[in-house]
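Be aware that the sequence shown starts at 285, since it is given in this note's numbering, and climbs by one per residue.
We treat Cβ as the ideally placed atom computed from N, Cα and C, and that holds for glycine.
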Amino acid sequence: MSKESPRRKPSRRAQVRFLEAGLQALADRGHAGLKLATVCEQVGATSGSFYYAFPSWGDFTTELIRYWREEMSTRLIVESSAIASAPERLGHLVDIGVRLPHRSEGAIRVWAAHDAHVASVVAEVDRERHAAIATAYEAVVPDVASARRYATAAMYLLVGHEGSAVGSVEDLRWAFRALLDQALAASAPADRREET
285 MSKESPRRKP SRRAQVRFLE AGLQALADRG HAGLKLATVC EQVGATSGSF
335 YYAFPSWGDF TTELIRYWRE EMSTRLIVES SAIASAPERL GHLVDIGVRL
385 PHRSEGAIRV WAAHDAHVAS VVAEVDRERH AAIATAYEAV VPDVASARRY
435 ATAAMYLLVG HEGSAVGSVE DLRWAFRALL DQALAASAPA DRREET
């Protein structure tokens with residue numbers, strides 16, 4: 285009687301290929317288009333390869349949301365927090381906000397309306413992003429309440445852009461920059477404000 289050899293653990297590289305394909309499927313086809321066949325087609329792999337990388341579709345979607353959170357929020361927040369200059373950090377956060385995969389994020393927000401786990405992760409990501417933005421604004425705006433309002437406005441711009449069919453990424457960049465310029469001007473000493 286032969287023993288079955290233990291299942292080898294799939295490489296992280298193989299998993300990431302499927303996860304990136306899942307994000308791309310969300311961008312291209314929306315939440316309703318996130319299907320096994322679509323993900324496999326994006327990767328150029330068979331369903332057998334998929335099930336070698338992930339034990340089930342549910343494991344994949346759970347990991348997809350975790351991966352999105354790590355790559356599109358947590359890692360970027362840590363990266364930005366290493367920037368010592370508050371205005372530079374805020375500028376970097378603007379660049380991050382503009383570069384996010386907005387179509388994927390919009391599809392994830394639609395998905396969240398149908399899935400409690402996804403909704404809880406999206407809510408946590410929004411809170412983390414808001415806190416990071418508020419912390420950066422607190423370093424340039426004299427009062428905490430105003431800094432938090434600027435952060436809230438930035439989140440409204442981001443989430444609104446991701447759910448809207450109007451406006452471009454350049455419009456979003458302009459809006460983020462206008463908000464940042466307003467905060468910096470409001471926080472400048474009175475004598476510098478009079479010069480401008």
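So residue i and residue j are supposed to be a Cβ contact under 8 Å. How far apart are they, rounded?
{"i": "A467", "j": "Y434", "result": "5 Å"}
{"i": "A337", "j": "Q299", "result": "5 Å"}
{"i": "V406", "j": "R393", "result": "6 Å"}
{"i": "S388", "j": "L310", "result": "4 Å"}
{"i": "L320", "j": "W341", "result": "6 Å"}
{"i": "L456", "j": "I417", "result": "Rounded, the Cβ-Cβ distance is 14 Å, inconsistent with contact."}
First and last residue of the alpha helix (DSSP H) that includes residue i?
{"i": "P294", "result": "Run containing P294: none; DSSP gives neither H nor E here."}
{"i": "G381", "result": "A370 to R383"}
{"i": "G332", "result": "S331 to A337"}
{"i": "H315", "result": "Counting along the chain, H315 falls outside any alpha helix (DSSP H), and DSSP gives it neither H nor E."}
{"i": "I361", "result": "R359 to S365"}
{"i": "A431", "result": "V428 to E446"}
Residue i: buried (16+ other C-beta within 10 angstroms of its C-beta) or exposed?
{"i": "E446", "result": "buried"}
{"i": "A429", "result": "exposed"}
{"i": "R477", "result": "Caution applies to R477, whose pLDDT of 41 falls short of 50 and renders its modelled position unreliable; the value that the coordinates give is listed next. By the neighbour-count rule (16 or more Cβ atoms within 10 Å), R477 is not buried but exposed."}
{"i": "V327", "result": "buried"}
{"i": "A366", "result": "exposed"}
{"i": "W352", "result": "buried"}
{"i": "W395", "result": "buried"}
Measure from the alpha carbon of residue i to the alpha carbon of each residue in the options, then state which is nearest.
{"i": "A420", "options": "G306, R393, C324 and S369", "result": "S369"}
{"i": "L318", "options": "A423, A305 and G328", "result": "A305"}
{"i": "G390", "options": "D410, S331, F460 and Q326", "result": "D410"}
{"i": "C324", "options": "F302, F344, G342 and D343", "result": "F302"}
{"i": "P371", "options": "V453, A431, P339 and D343", "result": "A431"}
Does DSSP classify residue i as helix, strand or coil?
{"i": "F344", "result": "helix"}
{"i": "S452", "result": "coil"}
{"i": "H398", "result": "coil"}
{"i": "M285", "result": "Residue confidence is low: M285 scores 48 on pLDDT, short of 50, so the model does not pin down where it sits. Its coordinate-derived value is still stated next. The answer is coil: DSSP assigns M285 none of H, G, I, E or B."}
{"i": "G328", "result": "coil"}
{"i": "V424", "result": "coil"}
{"i": "A407", "result": "helix"}
{"i": "A472", "result": "coil"}
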